[in-house]
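Chemist:
Number of protein chains: 2
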Amino acid sequence: MADTRSELEALALARIQRSGVRDLSFRTLADEVGVKSSSVHYHFPEKGDLTAALIGAYTERFVARLEQISAQSGVLRAKLMAFVDLFEEAAASDKLCLCGMLAAELFALDDRCRGLLELFFKQSEDWLAKLLKAHKAELSSSLGSASLASVIMSGLEGALLVDRAHGAGRHLRAQRQWIASLVKNER
Amino acid sequence: MADTRSELEALALARIQRSGVRDLSFRTLADEVGVKSSSVHYHFPEKGDLTAALIGAYTERFVARLEQISAQSGVLRAKLMAFVDLFEEAAASDKLCLCGMLAAELFALDDRCRGLLELFFKQSEDWLAKLLKAHKAELSSSLGSASLASVIMSGLEGALLVDRAHGAGRHLRAQRQWIASLVKNER
DNA sequence: GTCTATATACAGATAGAC
DNA sequence: GTCTATCTGTATATAGAC
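Heads up: the sequence lines are chains A and B, in that order. Residue numbers for the first sequence follow this note's numbering, so the first one is 1 and each next one is one higher. Residue numbers for the second sequence follow this note's numbering, so the first one is 1001 and each next one is one higher.
1) What residues from the region 1036 to 1051 of chain B come within 7 Å of chain A, judged by C-beta to C-beta, listed N to C?
2) 8 Å is my cut-off, CB to CB: does B/F1121 come that close to chain A?
3) Can you round the beta-carbon distance between B/A1057 and B/L1029 to whole angstroms, since I take them to be within the 8 Å contact cut?
4) Report buried or exposed for B/G1020, applying the criterion of at least 16 other Cβ atoms within 10 angstroms of its Cβ.
5) So is B/R1112 in contact with chain A if we call contact Cβ pairs under 8 Å?
6) What does the alpha-carbon distance come out to for the pair A/D94 and A/L80?
7) For B/R1022, would you say it is in contact with chain A, using Cβ-to-Cβ distances shorter than 8 Å as the test?
8) Pairing CB atoms from the region 1039 to 1050 of chain B with CB atoms from the region 1068 to 1082 of chain B, are three or more of them under 8 Å?
9) Do you know offhand how far B/A1165's Cα is from A/T59's?
10) List in chain order: all unbroken alpha helix (DSSP H) runs of 4+ residues lying wholly within the region 84 to 170 of chain A.
11) Which first and last residues belong to the alpha helix (DSSP H) in which A/K47 is found?
12) If the criterion is Cβ atoms closer than 8 Å, does the pair A/L98 and A/Q175 meet it?
13) Does the beta-carbon distance from A/V183 to B/E1157 come in below 8 Å?
14) Are the CB atoms of A/E191 and A/R22 nearer to each other than 8 Å?
15) Where do the ends of the alpha helix (DSSP H) carrying A/A30 lie?
16) Within 10 angstroms of its Cβ, does B/L1140 collect 16 or more other Cβ (buried), or is it exposed?
17) Quick one: what's got a C-beta closer than 6 Å to A/H171's C-beta in the same chain, skipping five residues either side?
18) Tell me, please, whether the CB atom of A/W127 is closer than 8 Å to any CB atom in chain B?
19) By how many angstroms is the C-alpha of B/T1004 removed from the C-alpha of A/V63?
20) Rounded C-beta distance between B/S1142 and B/K1136? I'm assuming under 8 Å.
21) B/G1100 touches chain A at which residues, Cβ-Cβ below 9 Å?
22) Is it right to say B/A1053 is buried, meaning 16 or more other beta carbons lie within 10 angstroms of its own, or is it exposed?
23) Going along chain B, which residues have a C-beta under 9 Å from A/A108?
24) Assuming A/G34 contacts B/S1150 (C-beta within less than 8 Å), just tell me the rounded distance between them.
25) Closer than 8 Å, CB to CB, is A/R5 near chain B or not?
26) Alpha carbons only, please: which of B/S1147, B/E1125, B/A1134 is nearest the one belonging to B/L1066?
27) If we call anything under 8 Å between Cβ atoms a contact, is A/A91 one with A/G155?
28) Checking contacts by CB at 8 Å: is B/S1070 closer than that to chain A?
29) Can you tell me whether B/S1006 is buried or exposed, with buried defined as 16 or more other CB within 10 angstroms of its CB?
30) Run through DSSP, which three-state label would A/V183 get?
31) How far does the alpha helix (DSSP H) with B/V1040 in it extend, from its first residue to its last?
32) Should B/E1089 be flagged as near chain A, meaning a C-beta pair shorter than 8 Å?
33) What in chain A is Cβ-close to B/R1170, meaning under 7 Å?
34) Could you name the residues of chain B that A/E138 contacts, counting a contact when the two beta carbons are closer than 9 Å?
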């Protein structure tokens, strides 16, 4: 198995995506990994340190996958569907996007975490807006690239959220369908 | 001023929309209203009782306003914009929709509250789908009414969420713009 | 309907031994 | 790097007086 720090991070991430930072305690986290809470404090002195580490690593992985999508050969529609796939994974286990969950818990976060959260959304939407702009001619929407990127991001974050309470995956499926319909069918 | 019970409900609602149920304690709630926590327990024996009462009342008010929108004279676009206005109020004070926030905190809720949450989304989306269906000819989207209702609801809930972390209202504005663009401009 | 007082549990965090 | 032990604060909830 991996080292303690990695185990703590993996478990904490999963728990926060399911039930939020406020529901995560150093005690229960330690129990599940098989150490004591003081050991968790050794790796992450304060809860904010753990949270910040998680947001940073999450953003890094997310951006790396965006770059993979950019690099892959394929039409616009395929790239947009690959973007939706990133959200599908969370949905499969009734989780939220880490940063979506933390946006709901914004007032429980310190400034450093809020800054990291903002960075996640900025980078994600910038990537999306750039992709849309590069394929502007293929789009059927009248909205600008940046606005459309906002609409897509809100829609996907919201779909994960609403599907937990009502819908059993229907909201994310509808989002996928709508995003696909943005690309003109020309042949 | 109103009676204690009403004051407690109003304050609890505002606090949950800002920072969630887990951040609301009977003690601080009591302090802010000027009573003791045991008095809060008199009105709402358990926290779940308070939460359920809030969801019920919130849904009732929300549905009443949907019916007002249905009753008002006006074109489809005006009605959709009136629907967006319902979310604008929360955004103005950095709040989420009560039920959006609770969807994030789903695993902290009892079954009764989860049922009420589901009802909120079902009623809201049913209303929206019915409106869209009645004006199908005026819509520029290729999606079915129910799917489009899902997309709109996800988008608005998500816009409130993401705007807290990044965007300063930009996501909700983009949603409004997109929703307006769904209605054909024919003249 | 509101109070005082209290039971019980758990939170985040730290000191210091090994 | 992990432990035991502990401090301190706060949570939900209840009993019983007024």
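Cβ atoms here follow ideal geometry from the backbone N, Cα and C, with glycine treated the same way.
Modeler: Checking against the coordinates, here is how it stands:
1) none
2) What you label residue 1121 of chain B is simply residue 121 of the second sequence in a count that begins at 1. So yes, B/F1121 belongs to the interface.
3) Residue numbering aside, residue 1057 of chain B sits at position 57 when the second sequence is read from its first letter. Residue numbering aside, residue 1029 of chain B sits at position 29 when the second sequence is read from its first letter. About 16 Å separates the two Cβ atoms, so there is no contact after all.
4) The sequence position of residue 1020 of chain B within the second sequence is 20, counting from 1. Classification of B/G1020: buried, given that the 10 Å Cβ count is 16 or more.
5) Reading the second sequence from its first residue, position 112 is the one you call residue 1112 of chain B. So, not an interface residue.
6) Translated into positions along the first sequence, residue 94 of chain A becomes position 94. Translated into positions along the first sequence, residue 80 of chain A becomes position 80. Those two C-alpha atoms are separated by around 22 Å.
7) As a working note, residue 1022 of chain B is residue 22 in the second sequence. Between B/R1022 and chain A, the shortest Cβ-Cβ separation is below 8 Å.
8) The region 1039 to 1050 of chain B vs the region 1068 to 1082 of chain B: no contact.
9) As a first step, residue 1165 of chain B is located in the second sequence; it is residue number 165 there, counting from the start. As a first step, residue 59 of chain A is located in the first sequence; it is residue number 59 there, counting from the start. Each residue's alpha carbon lies about 14 Å from the other.
10) 98 to 104, 111 to 134, 145 to 165
11) Mapped onto the first sequence, residue 47 of chain A falls at position 47. Its alpha helix (DSSP H) spans residues 47 to 71.
12) Translated into the one-based positions of the first sequence, residue 98 of chain A becomes position 98. Translated into the one-based positions of the first sequence, residue 175 of chain A becomes position 175. In this structure, A/Q175 does not lie closer than 8 Å to A/L98 by Cβ.
13) By one-based count along the first sequence, residue 183 of chain A stands at place 183. By one-based count along the second sequence, residue 1157 of chain B stands at place 157. No, they are not a contact pair.
14) With chain A represented from 1 up to 187, any question about residue 191 of chain A goes unanswered, as that position is not in the structure.
15) Residue 30 of chain A sits at position 30 when you count from the first residue of the first sequence. That run of the alpha helix (DSSP H) goes 26 to 33.
16) Taking the second sequence and counting its residues from 1, one reaches residue 1140 of chain B at position 140. The sequence shown places Ser at residue 1140 of chain B, not Leu. By the 10 Å Cβ count, B/S1140 comes out exposed.
17) Translated into positions along the first sequence, residue 171 of chain A becomes position 171. Counting only Cβ-Cβ distances below 6 Å, and skipping sequence neighbours, we find A159, V162, D163.
18) Locating residue 127 of chain A in the first sequence gives position 127, where the first residue counts as 1. No - not a single Cβ of chain B is within 8 Å of the one on A/W127.
19) For the purposes of this step, residue 63 of chain A is taken as residue 63 along the first sequence, with counting starting at 1. For the purposes of this step, residue 1004 of chain B is taken as residue 4 along the second sequence, with counting starting at 1. Each residue's alpha carbon lies about 50 Å from the other.
20) Here residue 1142 of chain B corresponds to residue number 142 of the second sequence, with the count starting at 1. Here residue 1136 of chain B corresponds to residue number 136 of the second sequence, with the count starting at 1. No, B/S1142 and B/K1136 are not in contact; Cβ-Cβ is about 11 Å, not under 8 Å.
21) Indexing the second sequence from 1 puts residue 1100 of chain B at position 100. Chain A residues near B/G1100: A104, G158, L161, V162, A165.
22) Here residue 1053 of chain B corresponds to residue number 53 of the second sequence, with the count starting at 1. B/A1053 should be labelled buried.
23) Taking the first sequence and counting its residues from 1, the one referred to as residue 108 of chain A is at position 108. Chain B residues near A/A108: S1019, G1020, R1022, D1023.
24) Counting from 1 along the first sequence, the entry for residue 34 of chain A is found at position 34. Counting from 1 along the second sequence, the entry for residue 1150 of chain B is found at position 150. Actually they are not in contact, since the Cβ atoms of A/G34 and B/S1150 sit about 42 Å apart, beyond 8 Å.
25) Here residue 5 of chain A corresponds to residue number 5 of the first sequence, with the count starting at 1. Output row for A/R5: interface = no.
26) The sequence position of residue 1066 of chain B within the second sequence is 66, counting from 1. Ranking the options by Cα distance to B/L1066, first place goes to B/E1125.
27) Indexing the first sequence from 1 puts residue 91 of chain A at position 91. Indexing the first sequence from 1 puts residue 155 of chain A at position 155. No, the pair does not count as a contact, with Cβ atoms beyond the cut-off.
28) As a first step, residue 1070 of chain B must be located in the second sequence, where it is residue number 70. Not one chain A Cβ lies under 8 Å of B/S1070.
29) Sequence index remark: in the second sequence, residue 1006 of chain B carries index 6 (1-based). Answer is exposed; the Cβ neighbour count stays below 16.
30) Position 183 of the first sequence, counted from the first residue, corresponds to residue 183 of chain A. Here A/V183 sits in strand by DSSP.
31) The residue given as residue 1040 of chain B occupies position 40 in the second sequence. Start and end: 1037 to 1043.
32) Mapped onto the second sequence, residue 1089 of chain B falls at position 89. So, not an interface residue.
33) Residue 1170 of chain B sits at position 170 when you count from the first residue of the second sequence. The answer, in chain order, is S150.
34) For the purposes of this step, residue 138 of chain A is taken as the residue at position 138 of the first sequence. Correct list: empty, because the minimum Cβ distance to chain B is about 16 Å.
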